[in-house]
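Enquirer: Going left to right, the sequence shown walks through residues 57 to 299 as the numbering used here numbers them. Dumping the structure here so I can ask a few things about it.
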Amino acid sequence: MDKANLKKEVRGLSWAFLIAMIIRTFIYQPFNIPSGSMIPTLLIGDYLFVNKFCYGYSRHSLPFGVKLFSGRLMHNEPLRGDVVVFFNPKHDNLDYIKRLVGLPGDRIQAIKGVLHINGSAVKLEQIEDYHTVNDKGQLEVIPQYIETLPNGVKHPILKKFPFGQGRLDNTEEFTVPEGHYFMMGDNRDNSQDSRVPNAVGYVPAENIIGRAEVLFFSTEAKWYAPLDWPFGLRYNRLAQLIR
């Protein structure tokens with residue numbers, strides 16, 4: 057390859073890299089699900105796009121979290137029920153994905169496994185059990201419910217243990233501070249979330265990365281075995297909206 061063509065190739069690659077970085081920083085960012093805390097909504101091996109512009113931008117929107125400014129620019133308030141990606145305020149280099157259940161000023165409490173918002177229990181409706189295979193290869197049947205939040209958002213949750221017997225089934229009453237949010241996983245007995253003050257606690261607005269919107273890929277294969285991905289493909293989860 058002569059020098060002129062090499063220059064052209066380098067320029068083309070540079071532009072492609074720049075455009076990709078702009079899209080990832082300001083528009084959509086890919087994210088994969090490493091844990092089961094959001095089952096049944098999101099499964100381990102799901103790959104999704106996170107909307108970066110819907111809530112505005114913070115320093116966490118920038119590559120490597122460069123501290124060019126504080127707070128949020130073009131801030132839009134997240135909605136109760138949104139599935140949100142954020143940096144764990146207790147571990148700034150860890151990004152989490154949970155459902156937003158508490159807004160600033162809300163009083164949040166779990167009583168016998170039921171979420172209470174501002175003193176009122178949310179509505180729960182039991183539906184068909186959720187079937188999965190655990191780490192030992194055994195079939196596991198977990199009770200599943202539809203939870204209805206005060207704004208009408210409905211979403212599924214899992215409750216592995218009987219109500220009142222889960223580790224986080226009974227909590228203190230949390231009052232969400234101004235500029236913060238309360239997050240919970242849909243897999244209620246297998247989620248480290250805002251119910252654990254020392255591990256996550258309230259999530260500052262500045263720590264929010266964006267809203268999870270679209271599943272673009274899903275596989276049962278391990279992330280470190282890409283050659284196995286096609287054989288574990290979950291076809292029924294491709295191009296799904298996240299609710």
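Note that the Cβ used here is the ideal one computed from N, Cα and C, for glycine as well.
Which stretch, first to last residue, makes up the beta strand (DSSP E) that contains tyrosine 305?
Expert: The question about residue 305 has no answer, for the chain in this structure spans 57 to 299.
Enquirer: Per DSSP, proline 199 forms a beta bridge with which residues?
Expert: In DSSP, proline 199 forms no bridge with anything.
Enquirer: Can you look up leucine 159 in the DSSP assignment and give me helix, strand or coil?
Expert: Three-state DSSP puts leucine 159 in coil, outside helix and strand.
Enquirer: With DSSP collapsed to three states, give me the class of proline 286.
Expert: Of the three classes helix, strand and coil, the one that applies to proline 286 here is helix, per DSSP.
Enquirer: Let me know if glutamine 200 comes out buried or exposed under the rule of 16 or more other beta-carbons within 10 Å of its beta-carbon.
Expert: Counting Cβ neighbours within 10 Å, glutamine 200 comes out buried, since at least 16 surround it.
Enquirer: Let me confirm a value: phenylalanine 287 is counted as buried when at least 16 other C-beta atoms fall within 10 Å, else exposed. Which label applies?
Expert: Phenylalanine 287 should be labelled exposed.
Enquirer: According to DSSP, is arginine 115 helix, strand or coil?
Expert: If DSSP states are grouped into helix, strand and coil, arginine 115 belongs with the helices.
Enquirer: State yes or no: is the C-beta of glycine 175 within less than 8 Å of the C-beta of leucine 156?
Expert: Contact: no.
Enquirer: What are the start and end residues of the beta strand (DSSP E) that includes valine 270?
Expert: 264-274 is the span of the beta strand (DSSP E), which, as asked, contains valine 270.
Enquirer: In terms of residues, what are the limits of the beta strand (DSSP E) holding phenylalanine 217?
Expert: Run containing phenylalanine 217: none; DSSP gives neither H nor E here.
Enquirer: Would you call the CB atoms of arginine 267 and valine 140 closer than 8 Å?
Expert: The answer is yes: Cβ separation under 8 Å.
Enquirer: Less than 8 Å between the C-beta atoms of asparagine 132 and glycine 161, yes or no?
Expert: It is not a contact, given that the beta carbons lie outside the stated cut-off.
Enquirer: With H, G and I counted as helix, E and B as strand and the rest as coil, what does DSSP make of asparagine 292?
Expert: In this structure, asparagine 292 counts as helix in the three-state DSSP scheme.
Enquirer: What first and last residue would you give for the beta strand (DSSP E) that runs through tyrosine 186?
Expert: Unbroken beta strand (DSSP E) run through tyrosine 186: 179-189.
Enquirer: Which of the three DSSP states, helix, strand or coil, is assigned to alanine 281?
Expert: DSSP places alanine 281 in coil when its eight states are reduced to three.
Enquirer: Mind checking which residues open and close the beta strand (DSSP E) that includes histidine 236?
Expert: Start and end: 236-240.
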